[in-house]
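A.B. asks:
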Amino acid sequence: MKRDPIYGTMAEFDSAQALVDAAKRTHDAGYQKIDAYSPFPIEGLAEEIGFHHNRVPLVVLIGGIIGGLTGYLMQYWMAAVDYPMNVGGKPTHSWPAFIVITFEMTILFAGLSAVFGMLALNGLPMPYHPVFNVPRFALASKDRFFLIVFSSDPKYDPAGTRKFMEGLGSRSISEVPS
Amino acid sequence: MDEPYKTTVEDEPAPVIEPGHTFGTVTEKISAIVLTRPASNGWFLGFGIAFMLTMMMLYAIGYLFLKGIGIWGSTVPIGWGFAIVNFVWWIGIGHAGTLISAILLLLRQSWRNSINRFAEAMTLFAVACAGIFPAIHVGRPWLAYWLFPYPNTMRVWPQFRSPLMWDVFAVSTYATISAVFWFIGLIPDLGTLRDRATHPAARLIYGALSMGWRGSARHWARYETAYLLLAGLATPLVLSVHTVVSFDFAIGIVPGWHTTIFPPYFVAGAIYSGFAMVLMLAIPIRKIYGLEDFITERHLQNSAKVMLATGLIVAYGYGIEAFMGWYSGDRYDAFTLWNRLHGPYAIAYAALLICNIFVPQVLWIRKLRTRPVALFVISFVVLVGMWLERFIIVVVSLSRDFLTSSWGMYYPTRWDWMTYIGTIGMFLAAMFLFLRLLPAISIFEMRTLLPEAEVKE
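Spelled out as structure tokens, the structure:
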């Protein structure tokens, strides 16, 4: 497949407020494939660009359930099935004694699911990404805010989109080569 | 700030960040410590001493591997000497880092943003120090992996009904979750360092570690959810870890161990000593690196208040122990109390009461809570006191149990001391490296505290 030489059009903003307003207007104007970049998390910004399905909690829930089951069943199988040891006539399946490790395994699996689930859903690690081709994008990790309309958007056309973005009150506009 | 009551000027708490900072200055100031500031002679001196102490620890451990546990003072009846005292002490210190990063995040205490990063690093290094002790204490350390349930040709499995086994899982889970929590918090800041570094090697290393973080709104949304969930998971975890550590004692029948007050009083003691360590690290760091704008009097005050509160819980624990020694009518429990007050280790118990209960009461004085030097000294006293507490619990209880024929005394050897002091060196060496290689304050979380970060819908 031939790659589009243009990845999108990017606008730079001075403040978080300007970025949120611009993202809202761009999304309202019918652009679907857009993204916003900021040096810190901004509440509500993801919703403005049309991100609604955050699946991290589900991944963590599944991880936690698997961890808890693994922890308990591991102990049950090892202590009551594979290597039953009679200690003072106490039951081999002594479930209260298994709770601590079940709990720890739940936390361990849920926590690792949160980390690796978040990274996987975000597509990280990613060694190359076109937005870094814009030199000023280095400021996205300091004090500048960026909005991009991807060229894969059905409404995208280089000149028209640029004109629209010029009306958003941005500081500068640049084309992002892919 | 919408306070329900009017505050006078005098009552106004110190700000979390001194006014006048912008996204740019916060970024510059914190990343400059890592990227542009040359390492001072003081840093090399401090790191050099800490590194030499680490070498001393490795020497002591090497000799231990060669000769065996006999070089230590632990012997029957005191089989748990310094190794377990130091293990519990270090694990406890780690707890404050998780409290700051997870519990205070859930409670929306935004002042934590300036101290959570190095407090988490402190947790990680403290847990690393703690982990050394049980591993070398097992007698045949090259077989320490037997602690884990792995399929083996002996066809045996660990004993899951033992609190020592619970401890293996609790501590290893705690170490893992603390490490990933810390690393996840670092990713956006590593991106900042990648974009600001000028040396190609630094750009490459920080770039690889940041994994291509670009601050996309979608990424932030998932990131924040994951971070919050991790905090929610780490909160019960940290409470469980010292609870399980206390089970190591409380499940046993030794007088002085077999009590139900142990879990809450261990957790409170852990946070108590941890905040003391946070203060002992924060006070010199803010001074040397000029971070008084970010780690303000507010942080010192709040940490001092947490210390005061947890110290009172610990005092309550001591009180209940003494009360139950009398009220239970159990002659062995009563003797444990008498033995602590009048036995051969009475001086350690007196020192413990002075360090942990009496001296920290000066923190009720408001003026003192903002004096860095005073807080530094009090924190040191608390750390000594908390070490003595574990010494009393481990050594004094074991030295005189039910039968007079099995009584004995404990004399730590120089190898015990070398290993203990060596872990302090290792902890400090890791801290020195951390300060120079990674941002000691969370840059992106500091940005969210600035007034310009606020967005109206």
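In the order they appear, the protein sequences are chains C and X. Start counting at 1 in the first sequence, then tack on 1413, and there's your number in the numbering used here. Start counting at 1 in the second sequence, then tack on 233, and there's your number in the numbering used here. Built from N, CA and C at the ideal position, the CB exists for glycine as well.
Which residues in chain X sit within 7 angstroms of N1467 of chain C, going by Cβ to Cβ distance?
C.D. replies: Correct list: A454, R455 and T458.
A.B. asks: F635 of chain X: which of X:G502, X:Y565 and X:V610 sits nearest, CA to CA?
C.D. replies: The residue with the shortest Cα to Cα distance from F635 of chain X is X:Y565.
A.B. asks: Less than 7 angstroms between the C-beta atoms of S411 of chain X and L512 of chain X, yes or no?
C.D. replies: In this structure, L512 of chain X does not lie closer than 7 angstroms to S411 of chain X by Cβ.
A.B. asks: For G1476 of chain C, verify whether its CB is less than 6 angstroms away from any heavy atom of the ligand FAD.
C.D. replies: Annotation note on the ligand FAD: not contained in the displayed structure, which lists no ligands.
A.B. asks: Does DSSP put M1423 of chain C in a helix, a strand or coil?
C.D. replies: Strand.
A.B. asks: Can you confirm whether the region 462 to 472 of chain X touches the region 539 to 547 of chain X when touching is taken to mean that 3 or more C-beta pairs between the two stretches lie within less than 8 angstroms?
C.D. replies: Taking 8 angstroms as the limit for Cβ pairs, the verdict is that the region 462 to 472 of chain X does not touch the region 539 to 547 of chain X.
A.B. asks: Could you give the residue range of the beta strand (DSSP E) that holds F1559 of chain C?
C.D. replies: Per DSSP, F1559 of chain C belongs to the beta strand (DSSP E) from F1558 to F1563.
A.B. asks: Does S1583 of chain C come within less than 7 angstroms of chain D when only Cβ atoms are used?
C.D. replies: No chain D is part of this structure, whose protein chains are labelled C and X.
A.B. asks: Does any residue of chain X have a CB that is nearer than 7 angstroms to the CB of Y1496 of chain C?
C.D. replies: Yes, contact with chain X.
A.B. asks: Answer yes or no: do W313 of chain X and V627 of chain X have a C-beta to C-beta separation smaller than 7 angstroms?
C.D. replies: Contact: yes.
A.B. asks: Throw me the rounded Cβ distance for the T406 of chain X and I1520 of chain C pair, which I believe falls under 8 angstroms.
C.D. replies: Between I1520 of chain C and T406 of chain X the Cβ distance is about 6 angstroms, and since that is below 8 angstroms, they are a contact.
A.B. asks: Mind checking H532 of chain X: buried by the 16 CB within 10 Å criterion, or exposed?
C.D. replies: Buried is the call here.
A.B. asks: Could you spell out where the alpha helix (DSSP H) holding P367 of chain X opens and where it closes?
C.D. replies: Taken as a continuous stretch (DSSP letters only), the alpha helix (DSSP H) holding P367 of chain X covers N349 to H370.
A.B. asks: State whether the region 1517 to 1533 of chain C contacts the region 1462 to 1479 of chain C, with contact taken as three or more CB pairs (one from each stretch) at a distance under 8 angstroms.
C.D. replies: Touching, yes, given that three or more Cβ pairs across the two stretches are closer than 8 angstroms.
A.B. asks: Whole angstroms are fine: how far does the CA of V688 of chain X sit from the CA of G418 of chain X?
C.D. replies: If I take the Cα positions, the gap works out to 23 angstroms.
A.B. asks: Can you check the region 550 to 619 of chain X for any alpha helix (DSSP H) of at least 4 residues that lies completely inside it and give the ranges in chain order?
C.D. replies: Runs of the alpha helix (DSSP H) inside the region 550 to 619 of chain X: 564 to 575 and 579 to 586.
A.B. asks: Using beta carbons (cut-off 7 angstroms, strictly below), is M1414 of chain C in contact with chain X?
C.D. replies: Note on M1414 of chain C: pLDDT 48, under 50, position unreliable in the model; no value is reported.
A.B. asks: Report the residue ranges of all alpha helix (DSSP H) runs contained in full by the region 380 to 452 of chain X; include only those spanning at least 4 residues, in chain order.
C.D. replies: If we require 4 residues or more, the alpha helix (DSSP H) runs fully inside the region 380 to 452 of chain X come out as 396 to 429 and 433 to 443.
A.B. asks: If I measure Cβ to Cβ from G502 of chain X and keep anything under 7 angstroms in the same chain, skipping five residues before and after, which residues do I get?
C.D. replies: Only G325, V547, M619 and E622 meet the Cβ criterion.
A.B. asks: With three or more beta-carbon pairs closer than 8 angstroms as the criterion, would you say the region 427 to 447 of chain X touches the region 361 to 381 of chain X?
C.D. replies: These segments do not touch.
A.B. asks: Counting only Cβ-Cβ distances shorter than 7 angstroms, please list the residues of the region 1551 to 1579 of chain C near chain X, keeping chain order.
C.D. replies: Residues A1551, A1553, S1554, K1555 and D1556.
A.B. asks: Anything in chain X within Cβ reach of D1448 of chain C, meaning under 8 angstroms, just list it in chain order.
C.D. replies: Neighbours of D1448 of chain C on chain X, chain order: S449, A450 and R451.
A.B. asks: Identify whether V267 of chain X lies in helix, strand or coil by the three-state DSSP scheme.
C.D. replies: Helix at V267 of chain X.
A.B. asks: Pick helix, strand or coil for S1585 of chain C, following the three-state DSSP scheme.
C.D. replies: Strand at S1585 of chain C.
A.B. asks: From what residue to what residue does the alpha helix (DSSP H) around I676 of chain X run?
C.D. replies: Looking at the DSSP string, the run of the alpha helix (DSSP H) that includes I676 of chain X is I676 to R680.
A.B. asks: Tell me which residues of the region 418 to 439 of chain X have at least one Cβ-Cβ distance to chain C shorter than 9 angstroms, keeping chain order.
C.D. replies: Cβ contacts with chain C: I420, P421, D422, G424, T425, L426, R427, D428 and R429.
A.B. asks: Should S536 of chain X and F556 of chain X be called a contact, given that it needs their Cβ atoms to be closer than 7 angstroms?
C.D. replies: No, the Cβ-Cβ distance between S536 of chain X and F556 of chain X is not below 7 angstroms.
A.B. asks: Spatial neighbours of R647 of chain X within its chain, please: CB distance less than 6 angstroms, with the 5 preceding and 5 following residues excluded, ordered by chain position.
C.D. replies: For R647 of chain X, where only same-chain residues beyond five positions count, there are no Cβ hits under 6 angstroms.
A.B. asks: Give me the Cα-Cα distance between M288 of chain X and F667 of chain X, rounded to the nearest whole angstrom.
C.D. replies: Between M288 of chain X and F667 of chain X, the C-alpha separation is close to 19 angstroms.
A.B. asks: For the alpha helix (DSSP H) holding D1448 of chain C, just list the boundary residues, first then last.
C.D. replies: No alpha helix (DSSP H) holds D1448 of chain C; the beta strand (DSSP E) holding it covers I1447 to Y1450.
A.B. asks: Between which residues of its own chain and D1556 of chain C is the CB-CB distance below 7 angstroms, once the five residues before and five after are set aside?
C.D. replies: The answer, listed in chain order, is P1452.
A.B. asks: Report yes if the C-beta distance between P421 of chain X and F609 of chain X is below 7 angstroms; otherwise report no.
C.D. replies: Cβ atoms of P421 of chain X and F609 of chain X: not closer than 7 angstroms.
A.B. asks: Contact check, Y644 of chain X vs G306 of chain X under 8 angstroms by CB: the rounded distance?
C.D. replies: Indeed, because the Cβ distance is near 5 angstroms, the residues count as touching under 8 angstroms.
A.B. asks: Are there 16 or more other CB atoms within 10 angstroms of the CB of D1417 of chain C, so buried, or fewer, so exposed?
C.D. replies: Its Cβ having fewer than 16 others within 10 Å, D1417 of chain C is exposed.
A.B. asks: Give a yes or no on whether 7 angstroms exceeds the smallest Cβ distance from M1423 of chain C to chain X.
C.D. replies: So, not an interface residue.
A.B. asks: With K1576 of chain C as the anchor, note down where its alpha helix (DSSP H) starts and where it stops.
C.D. replies: Where K1576 of chain C is concerned, the enclosing alpha helix (DSSP H) stretches over P1571 to E1579.
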